[in-house]
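The next block holds one structure in the form of structure tokens; read it before the comments.
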Amino acid sequence: MSGLSRLLIVVGCILAAAPLVLHLMSSVKSTSELNLSPPTLFPHEVTLSNYQALFTKRPFLRYCINSLTVSTLSSLICVAVASLAAYRLARSRGRWRSAIRLSLLVVAFFPPIVYVFPDYEIIQALGLVNHLWGLILPYSALNIPFAIWLLTGSFQQIPLDLEEAAEIDGLTRFQMFRMIVLPLVTPALITAGILVFIFAWNEFMFALTFITIESQKTVTQGVATLSGAFAEEIPYGLIAAGVIASAVPLIIVVIVFQRWIIAGLTAGAVKQ
Numbered sequence: 001m002s003g004l005s006r007l008l009i010v011v012g013c014i015l016a017a018a019p020l021v022l023h024l025m026s027s028v029k030s031t032s033e034l035n036l037s038p039p040t041l042f043p044h045e046v047t048l049s050n051y052q053a054l055f056t057k058r059p060f061l062r063y064c065i066n067s068l069t070v071s072t073l074s075s076l077i078c079v080a081v082a083s084l085a086a087y088r089l090a091r092s093r094g095r096w097r098s099a100i101r102l103s104l105l106v107v108a109f110f111p112p113i114v115y116v117f118p119d120y121e122i123i124q125a126l127g128l129v130n131h132l133w134g135l136i137l138p139y140s141a142l143n144i145p146f147a148i149w150l151l152t153g154s155f156q157q158i159p160l161d162l163e164e165a166a167e168i169d170g171l172t173r174f175q176m177f178r179m180i181v182l183p184l185v186t187p188a189l190i191t192a193g194i195l196v197f198i199f200a201w202n203e204f205m206f207a208l209t210f211i212t213i214e215s216q217k218t219v220t221q222g223v224a225t226l227s228g229a230f231a232e233e234i235p236y237g238l239i240a241a242g243v244i245a246s247a248v249p250l251i252i253v254v255i256v257f258q259r260w261i262i263a264g265l266t267a268g269a270v271k272q
């Protein structure tokens, strides 16, 4: 790796980490210190009053539980559906397989805002407005095309000899899929699940449109609606604490599963 490449990596890491560090510093400052001009980078005195107010004066823990529920169920549903579809696509011998996979990738890159109002009509017809399932179903559906595209490459790397041997041993197609194929693509399954989890945790537009009652709001809504004691007051410390508190679960998830994420993203890149 050249010196320029290292420099670019360092600069990129600094730019990526700077906002999080600034929020972290602001979250442990007092209100009086946050209002100083010029502002200080490091706090003169560390205080956890912003975090205390976040979890005692606001239902922030409820927001986190709602987001965790929505993100987890969205990941499980999306991976379950996408794995079945991706396996079928990977084993298809049709001439349109590449075109189908490309179309899935194109659809996956449509901006989510395109689907907000059509999905709202569907969710309203199902009676799921102001219900967590009104977010779980759209989040799952939005991520299925990309998950299929991602998993198809991994399924294609599995030798057909393994499946033929399993058929000779008397396994049904579903037993073979569950007992032999799925364990071999575990990194890709985890990667797809984590990507869906991150999307669902960070998503704001659908949550803002579909959820209006306090008890069903997600963490992104909770951070966006933080306000001070007066209409003119902007609680910078409270907002910074909310940002840090909402980012911690994602950081933990990525750190714990980073090995599987890297393996899953590269699983379908090598042709046999």
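Every letter in the sequence shown is one number past the one before it in this note's numbering, and letter 160, counting from 1, is 160.
Even for Gly, the Cβ is constructed at its ideal location relative to N, Cα and C.
Integer-rounded CB distance, given that residue j should sit under 8 Å from residue i
i, j, result
"Leu226", "Ile239", "5 Å"
"Lys57", "Gly237", "Lys57 to Gly237, Cβ: 13 Å. No contact."
"Ser67", "Thr209", "Actually they are not in contact, since the Cβ atoms of Ser67 and Thr209 sit about 16 Å apart, beyond 8 Å."
"Arg62", "Ser246", "That pair is no contact at about 13 Å."
"Phe177", "Tyr87", "6 Å"
"Val116", "Met205", "6 Å"
"Phe155", "Ala90", "4 Å"
"Gly264", "Pro159", "Contact flag wrong, Cβ pair sits at about 19 Å."
Residue i Cβ short of 6 Å to the ligand GDP heavy atom set
i, result
"Ala165", "No copy of the ligand GDP appears in this structure; indeed no ligand is present at all."
Three-state secondary structure assigned by DSSP to residue i
i, result
"Gly218", "Before going further, note that residue 218 is Thr rather than Gly in the sequence given. In this structure, Thr218 counts as coil in the three-state DSSP scheme."
"Asp169", "coil"
"Trp133", "helix"
"Phe110", "coil"
"Arg157", "Residue 157 is actually Gln in this sequence, not Arg. Three-state result, Gln157: coil."
"Arg6", "helix"
"Pro235", "coil"
"Ile211", "coil"
"Arg97", "helix"
Rounded straight-line distance, which links the Cα of residue j to that of residue i
i, j, result
"Ile244", "Phe199", "17 Å"
"Ala224", "Val107", "29 Å"
"Asn50", "Leu24", "11 Å"
"Leu171", "Ala17", "50 Å"
"Ala207", "Glu163", "43 Å"
"Ser92", "Val196", "26 Å"
"His131", "Ile113", "20 Å"
"Phe55", "Ser27", "13 Å"
"Val254", "Val46", "28 Å"
Burial state of residue i, where buried means 16 or more other Cβ atoms lie within 10 Å
i, result
"Ile144", "buried"
"Glu167", "exposed"
"Val248", "exposed"
"Leu8", "exposed"
"Asp119", "buried"
"Leu104", "buried"
"Phe110", "exposed"
At a cut of 8 Å, does the stretch 143–151 reach the stretch 76–88 through at least three beta carbon pairs?
-> Touching, yes, given that three or more Cβ pairs across the two stretches are closer than 8 Å.
contact_flag[the stretch 254–263, the stretch 182–193] where n(CB pairs < 8 Å) is 3 or more | Counting Cβ pairs under 8 Å, three or more are found: they touch.
Three or more C-beta pairs closer than 8 Å, one from the stretch 177–186 and one from the stretch 70–78: is that the case here?
-> no
Can you find at least 3 beta carbon pairs, one from the stretch 108–123 and one from the stretch 132–141, that sit closer than 8 Å?
-> yes
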